[in-house]
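Since the structure comes first, as structure tokens, the remarks are kept for the end.
Residue numbers (our numbering), protein chains in the order written: chain A, 1 to 342; chain B, 1 to 342.
Here it is as structure tokens:
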């Protein structure tokens, strides 16, 4: 049985989507047990409408919530009765609790992971690794790091590559993930000192299927499984891609609603539009993880629906089932002994 | 009379679009004269079909072309008979030649500007500054630097801000441009050492209307006129935005062409789609410039049509008409004397 702690609060539609996501997970994954952390009265009321295996669900009462407006580190330290703080406390003290899933404040979740969970032995810096859909159906792309480390050295990026590559294999079954270095051109000699040195390191890391530099315009092309970068560039990459898609969709919608004729047209292509929306919808793929932490932590979008919460739980389950953390620890130990022998 | 050198070669549809763009410019701007550099026989043949004021057009023969596959610096140094090299040579030696417009290789144009044109006195690093449309009609946003300088210090970014701000005023008539610093969050304390120090510098530069940090997801929102960043982040920002828009449009097109019903729908919304395409089309806005160079150099997209070439020429004309280079030199001298007095 794999025990997963689920923060029931903090999302745009919490705790409803959290409760429904948990019920779905209990139904579809038989060797999972869940601790739902949040306002007990609210959770019990919502659960009354649901059918689930009660023997695999516990509730841990937490009357308070950390919001996106709270200062992350401060909130984790002072809001002891918040659902996220209580969830971290359980993860830290209960050896059976193996993973935490939350759709609450990203900053607080990162701070909590660093302060309460700690790193795998040998990890220089934990890295934030979200996934995005690509234009190739059922194919995702991961970005590592997307914002946890704004100042990086080449050795950090090498570890991001190794951890991200293992993650894609263990959590998503991606075979021999194609790892690319984010750069301003595809040629080997491109970029700043960080990129040039990282390029050489990645090329000489046997555990990786390193395919060279990539440009940000090809992020969604489906040609790469993992994009390696410092947290500043990764954050720019992730948010500009999301922003551009959002603004363009908004323009399209506005355009289609602006005349009678175009409204009829919109009706006729509605199904196709939904298919595209579906393809590009992160709710269907899973959450972001903090790779390098000594326990599994999965962060879903704040606007997650119940499917998205379910996918985050499923993802945490797979990471644990396939022993990702052990695999990372083993690989880093091997890399370390290789480089000390070299 | 403002004399502008136009590289006739190097674009996807050169020299046809270059010739047509030049003819348009001669027709609509009366105090402009143009030197068209490229294969003379080809250019004369194309010009035969056009009506224009021949007294304001010269042709400079150049039998060779620099392509995007050539190594930029090497090409500028060795391909002496290429249209771009000859254009730079003219810009360097003819005191009346005030600006160069090209839709050829970006790398070669940057290399040529650095090697043959040089910088304005006081400029630490020239910066590449492209413009993008926003979701607000007729409103653009400029990114400075978008790739010329991958390693930057805060003083470079401060100059990018000053030069970009003057550029928007002089070339596009933007009043009191809103200048933002690209960062991973909007709060003042966000980002790495470069961002934190630059934030303070920008806040204390009287010539600027500095509005604080911005996140990449808001690039197209129309809330900012100028985004200041190092060339690495700027390149990631620019290309991921372009890439995401392109991939999404491709998905939409594919979706709409996939069934009879959706094809009818597509017909009905065609006009609206073209309006959006038009809004987001760089051809309607102008080219990228290398700010800080001692002569005006404007780079259009390789896939420019004749309208885009015309807009690039018009932009170069406005920059010269409004004495942008002089304005930059004056401002930098003032900043320098301010900081030495401080």
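Glycine included, each C-beta is placed from N, C-alpha and C at the ideal position.
Remember, predicted model here, so these are calculated numbers, not experimental data.
Using a cut-off of 7 Å between C-beta atoms, extract the partners of residue i located in chain B.
i: residue 275 of chain A; result: 255
i: residue 150 of chain A; result: 184, 191 and 192
i: residue 261 of chain A; result: 268
i: residue 272 of chain A; result: 255, 256, 258 and 262
i: residue 233 of chain A; result: 232, 233 and 236
i: residue 147 of chain A; result: 184
Against residue i, what residues of chain B qualify as contacts under a CB-to-CB distance less than 9 Å, listed in chain order?
i: residue 104 of chain A; result: Correct list: empty, because the minimum Cβ distance to chain B is about 17 Å.
i: residue 250 of chain A; result: 135
i: residue 77 of chain A; result: In chain order: nothing, as chain B lies at least about 18 Å away.
i: residue 69 of chain A; result: Correct list: empty, because the minimum Cβ distance to chain B is about 12 Å.
i: residue 286 of chain A; result: Those do not exist, as residue 286 of chain A stays about 20 Å from chain B at its closest Cβ, beyond 9 Å.
i: residue 212 of chain A; result: What residue 212 of chain A touches in chain B: nothing, since even the nearest Cβ is about 16 Å away.
i: residue 343 of chain A; result: Here chain A covers residues 1 to 342 and nothing more, so residue 343 of chain A does not appear.
Use the C-beta contact count for residue i: other C-beta atoms within 10 angstroms, 16 or more gives buried, fewer gives exposed.
i: residue 163 of chain A; result: buried
i: residue 38 of chain A; result: buried
i: residue 257 of chain A; result: exposed
i: residue 177 of chain A; result: buried
i: residue 111 of chain A; result: buried
i: residue 180 of chain A; result: buried
i: residue 247 of chain A; result: buried
i: residue 305 of chain A; result: buried
i: residue 253 of chain B; result: exposed
i: residue 65 of chain B; result: buried
i: residue 167 of chain B; result: buried
i: residue 297 of chain A; result: buried
i: residue 137 of chain B; result: exposed
i: residue 315 of chain A; result: buried
i: residue 175 of chain B; result: exposed
i: residue 274 of chain A; result: exposed
i: residue 238 of chain B; result: buried
i: residue 19 of chain B; result: buried
i: residue 113 of chain A; result: buried
i: residue 242 of chain B; result: buried
i: residue 67 of chain B; result: exposed
i: residue 215 of chain B; result: buried
i: residue 338 of chain B; result: exposed
i: residue 231 of chain B; result: buried
i: residue 54 of chain A; result: exposed
Residues of chain A with a CB under 7 Å from the CB of residue i: which are they?
i: residue 223 of chain B; result: Under the 7 Å cutoff, chain A gives no residues; its nearest Cβ is about 12 Å from residue 223 of chain B.
i: residue 218 of chain B; result: 243
i: residue 239 of chain B; result: 215, 216 and 217
Kindly give me the distance between the Cβ atoms of residue i and residue j, rounded to whole angstroms, as I take these residues to be in contact under 8 Å.
i: residue 182 of chain A; j: residue 228 of chain A; result: 7 Å
i: residue 5 of chain B; j: residue 108 of chain B; result: The pair is not a contact, with the Cβ atoms about 15 Å apart (cut-off 8 Å).
i: residue 205 of chain A; j: residue 139 of chain A; result: Contact doesn't hold; Cβ gap of about 23 Å is too wide.
i: residue 210 of chain B; j: residue 219 of chain B; result: Not confirmed; about 17 Å, so no contact.
i: residue 2 of chain A; j: residue 321 of chain A; result: 6 Å
i: residue 142 of chain B; j: residue 129 of chain B; result: 5 Å
i: residue 97 of chain A; j: residue 22 of chain A; result: Actually they do not touch by this definition, with Cβ atoms about 15 Å apart.
By DSSP's criteria, residue i is part of a beta bridge. Which residues make up the other side?
i: residue 144 of chain A; result: A:228
i: residue 133 of chain B; result: B:140
i: residue 128 of chain B; result: B:290
i: residue 58 of chain A; result: A:35
i: residue 4 of chain B; result: B:34 and B:99
i: residue 64 of chain A; result: A:82
Which residues in chain A have a C-beta closer than 8 Å to the C-beta of residue i? List them in chain order.
i: residue 164 of chain B; result: Going along chain A, no residue has its Cβ under 8 Å from residue 164 of chain B, so there is no contact; the nearest lies around 18 Å.
i: residue 227 of chain B; result: Going along chain A, no residue has its Cβ under 8 Å from residue 227 of chain B, so there is no contact; the nearest lies around 10 Å.
Taking residue i as the query, report the chain A residues whose CB atoms sit under 9 Å from its CB, ordered along the chain.
i: residue 124 of chain B; result: None at all; the shortest Cβ gap to chain A is about 17 Å.
i: residue 338 of chain B; result: Residues of chain A passing the Cβ test: none, with the nearest at roughly 30 Å.
Could you list which residues in chain B have their beta carbon closer than 8 Å to that of residue i, in chain order?
i: residue 247 of chain A; result: 135, 220 and 221
Exercise for the section: With a floor of 4 residues, list each alpha helix (DSSP H) that falls wholly inside the stretch 291 to 340 of chain B, ordered by position along the chain. Expected result: 306 to 321
Exercise for the section: Please list the segments of the beta strand (DSSP E) lying wholly inside the stretch 76 to 125 of chain A, counting only runs of 3 or more residues, in order along the chain. Expected result: The stretch 76 to 125 of chain A contains these whole beta strand (DSSP E) runs: 97 to 102.
Handout entry: Segments assigned beta strand (DSSP E), at least 3 residues, entirely inside the stretch 173 to 224 of chain B
Key = Complete beta strand (DSSP E) runs here, min 3: 178 to 182 and 209 to 214.
Problem - alpha helix (DSSP H) runs contained entirely in the stretch 229 to 270 of chain A, provided each spans 4 or more residues - result: DSSP runs (the alpha helix (DSSP H)) wholly in the stretch 229 to 270 of chain A: 231 to 256.
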